[in-house]
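The structure appears right after this line, and notes come after that.
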Amino acid sequence: MKWTIRKKINLLLITCILLMITVITIVDYTDAKNNLLEAVNTKLLSDIQLGYEYLDAKIPGDWNIQDNELYKGDVKIVGNFDIVDKLGDLTDGNAVTIFQFDTRVSTNIVENGNRPINTKAPKEIIAAVLEQKERYTGSADVLGSMYEVSTDPILNKQGEVIGMWATGIPLETYNNTAMESVIKNVVVLLIVSILMFVIISWFLQRQIIAPINQLSANAKELADLNLNVKILNPKGQDEIANLAQAFNAMKTRITETINVVANSANQIASSSLVLAESSRQTSEAANQVALTMNDIASGTSTQSDQAEHIVKMMQKTNDEVANSLQKAEATLERAIQSTHIARKGEDAINEAIKHLNSVTQTVSYATDSIQKLGKRSEEIGGIITVITGIAEQTNLLALNAAIEAARAGEQGKGFAVVASEVRQLAEQSSLASGQITSLIKDIQAETAVTVRTMESNLLAVEEQVHIISKGGNALQEIVEQVVETEQGVKEMKSAFTHVNDNSLDVQQAIHDISRIIEDSAAATEEIAATSEEQHATVAEISQNSEELAEISTNLQNEVNKFTI
110 MKWTIRKKIN LLLITCILLM ITVITIVDYT DAKNNLLEAV NTKLLSDIQL GYEYLDAKIP
170 GDWNIQDNEL YKGDVKIVGN FDIVDKLGDL TDGNAVTIFQ FDTRVSTNIV ENGNRPINTK
230 APKEIIAAVL EQKERYTGSA DVLGSMYEVS TDPILNKQGE VIGMWATGIP LETYNNTAME
290 SVIKNVVVLL IVSILMFVII SWFLQRQIIA PINQLSANAK ELADLNLNVK ILNPKGQDEI
350 ANLAQAFNAM KTRITETINV VANSANQIAS SSLVLAESSR QTSEAANQVA LTMNDIASGT
410 STQSDQAEHI VKMMQKTNDE VANSLQKAEA TLERAIQSTH IARKGEDAIN EAIKHLNSVT
470 QTVSYATDSI QKLGKRSEEI GGIITVITGI AEQTNLLALN AAIEAARAGE QGKGFAVVAS
530 EVRQLAEQSS LASGQITSLI KDIQAETAVT VRTMESNLLA VEEQVHIISK GGNALQEIVE
590 QVVETEQGVK EMKSAFTHVN DNSLDVQQAI HDISRIIEDS AAATEEIAAT SEEQHATVAE
650 ISQNSEELAE ISTNLQNEVN KFTI
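Structure (structure tokens):
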């Protein structure tokens, strides 16, 4: 049996689900049983209290022993089954037993058609109830069956323990009830677990197993040298997505490497063919060199005569170059003087432009200041207007005050004098305001004229700056051309100097060539021998190139096995 990842995961899921169901079942059964036992104990305590109330109401009197038998009041309890049957009915069918000391004397439990009286109580109940005079609540073996019981001591009038009375419920009933509840829960849990298993299995199949199977199939395709396979498109940031990305990167790297190897194999094949052809051509050239060497040997005598003629021509050329060099030096001196004069003119133009720019800025500042002065004059005029209004209002108030003082008679004379003084002061203020207003209007008119004049001067200065700037630019171009001329003359002088030096070197070289030509005749024989050796070497290279072509062909065959 082949254990695939899906089978392993399903086995793990089934094991986990079964383990979970087992644990939950045990816990659920234990909790249900404990809850039922707690409810049973609560009921038993209630039933004990109900039994006390019933016995006290039904049979008045104290518990006592008469003739070695248990009584309640005057009613004999030993063998009295009506009482326990009634208590059983009142407690919904509980088992009810009355003990005289540790012996059953009355019970509603029926075993094989008989009531098992004269039997002993369990030891744990005897120890707790008879010996310690305490109520016993818990599980106990009652005649071979497990019961949850609650047992109280029966006390006589003197407070002595003379018996016990107990009520109990078979644990099997509540165990079955707990088991039925657990079985229902287990069925629901099993259904939910199956649904969870189906959902988780579907999710794992879609998100993990299917991508892994796809990647496995892709890996097999890559193993079969198929690089054209479509790798799973990675989604998300989990390990499978990372694995898919790694597969894509590996495929890309392998494809690139195969392409590079294929290109290299093609280049090697082409190069080997070219090398073979070059070897053939080189072999032919070696034979041609041998033939050429013989021609060179026969032509060395003619070359010696021609070299002597070239020496005489170079002597004449040297004299002409020396004369040109002197003229170039004189031209260079005049070019340097022209450059110096042009630069002085350029500096003067630049200084004039700077000065005019300064004048332009000064005129601009003055224009702004005069315009601000005009604005301030307008503001002062507004203030004078307010003052004039205040003076007129004051004059009017003073007139009203004088009228009121005249109405007051003798008592208003002092106030009339003050009003007269205030009125004169208001008239003087009004007169002064009018004079100031007239002066401000004159200042504003003169300021306007001055502003227009300054603006006109500013435009004239700016135009002058523009004209001088154009002249400066033209002079700049002249300077640049003069500098270029100077540079050209320098280059020409350098060229003549270089030619003069080279002509001397050429003259000496011609003498050396004449000597070399004589030596070349002897060297031609050696070259012929070397060409034969070269022919043998070229043959070996040709053989190696054929082997290289075969290797490149094999490499191409291996690369072609990949499907790209």
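To convert, take the position in the sequence shown, counting from 1, and add 109; that gives my numbering. Cβ coordinates follow ideal geometry from the N, Cα and C atoms, glycine included. All values reported here derive from a predicted model rather than from experimental measurement.
query	result
Less than 8 Å between the C-beta atoms of Asn504 and Glu536, yes or no?	yes
Excluding five sequence neighbours on each side, which residues of the same chain lie with their C-beta closer than 6 Å to the C-beta of Thr260?	Ile234, Val238, Tyr245, Met273, Ala275
According to the neighbour-count rule (16 or more other Cβ atoms, all chains shown, within 10 Å of its Cβ), is Val296 buried or exposed?	exposed
Give me the Cα-Cα distance between Thr228 and Leu199, rounded to the nearest whole angstrom.	25 Å
Report the option in Glu257, Lys242, Glu240 whose CA atom is closest to the CA atom of Leu248.	The residue asked about is misnamed: residue 248 is Ser in this sequence, not Leu. For Ser248, the nearest C-alpha among the options comes from Glu257.
Decide if the stretch 113-124 is in contact with the stretch 167-175; the criterion is three or more beta carbon pairs, one per stretch, under 8 Å apart.	no
On a CA-only basis, which of Lys242, Ile492, Gly498, Asn203 is nearest Asp211? Give me that one, please.	Lys242
In terms of alpha-carbon separation, which member of Ala230, Ile263, Gly597, Val193 lies closest to Ile218?	Val193
In the DSSP output, which residue or residues are listed as bridge partners for Asp610?	Bridge partners of Asp610: none, in fact.
Give the DSSP-derived three-state secondary structure of Ala645 in the structure shown.	helix
Take Glu572 as the anchor and find which of Ala514, Ile462, Glu519, Ile549 has the nearest alpha-carbon.	Ile462
Taking the beta strand (DSSP E) that Gly272 belongs to, which residues open and close that run?	270-279
Quick one: what's got a C-beta closer than 8 Å to Ile499's C-beta in the same chain, skipping five residues either side?	Ser538
Determine the contact status of Asn203 and Gly277, defining contact as a CB-CB distance below 8 Å.	yes
Excluding sequence positions up to five away, which residues of its chain have a Cβ less than 8 Å from the Cβ of Met255?	Ser248, Ala249, Pro279, Leu280, Glu281
Helix or strand or just coil, what does DSSP make of Val184?	strand
Taking only three categories from DSSP, how would you classify Arg516?	helix
What is the DSSP secondary structure of Thr228, reduced to helix, strand or coil?	coil
Give the secondary structure of Gly597 by DSSP, where H, G and I count as helix, E and B as strand, and everything else as coil.	helix
I think Ile367 touches Ser661, with their Cβ atoms under 8 Å apart; what is that distance to the nearest whole Å?	In fact, because the Cβ distance is near 15 Å, the residues do not count as touching under 8 Å.
State the Cα-Cα distance for the pair Glu487 and Ile549, rounded to the nearest angstrom.	8 Å
Which same chain residues end up closer than 6 Å to Asp156 when comparing Cβ atoms and leaving out the 5 residues on each side of it in sequence?	Thr200, Asn203, Thr276
What is the rounded straight-line gap between the Cα of Tyr161 and the Cα of Gly222?	28 Å
Alpha carbon to alpha carbon, what distance is there between Thr497 and Ser547?	13 Å
Where Ala371 and Ser325 are concerned, what is the direct C-alpha to C-alpha distance, given to the nearest angstrom?	27 Å
Less than 7 Å between C-beta atoms, sequence neighbours within five positions excluded: which residues of the same chain meet that for Leu298?	Ile130, Ile133
Among Asn357, Glu178, Ile303, Ala355, whose alpha-carbon lies nearest the alpha-carbon of Ile126?	Ile303
Have a look at Ser310 and Pro320 and give me their C-alpha separation to the nearest angstrom.	14 Å
From Asp172 to Met288, what distance separates their C-alpha atoms?	In the sequence under discussion, the amino acid at residue 172 is Trp, which differs from the Asp named in the question. One C-alpha to the other measures close to 42 Å.
Give the DSSP-derived three-state secondary structure of Phe208 in the structure shown.	strand
Starting from Val251, trace the alpha helix (DSSP H) in both directions and tell me its first and last residue.	Looking at the DSSP string, Val251 is not in any alpha helix (DSSP H); the run it does join, the beta strand (DSSP E), is 245-251.
Ordered along the chain, which non-local residues of its own chain (more than five positions away) have a Cβ less than 7 Å from that of Val184?	Ile168
For Gln553, which option in Leu179, Ile576, Lys484 has the closest C-alpha, if you only look at C-alpha atoms?	Lys484
Determine the DSSP secondary structure at Val219, reduced to helix, strand or coil.	coil
What span of residues does the beta strand (DSSP E) with Ile174 cover, start to end?	172-175
If you draw a straight line from the alpha carbon of Gln652 to that of His607, how long is it in whole angstroms?	52 Å
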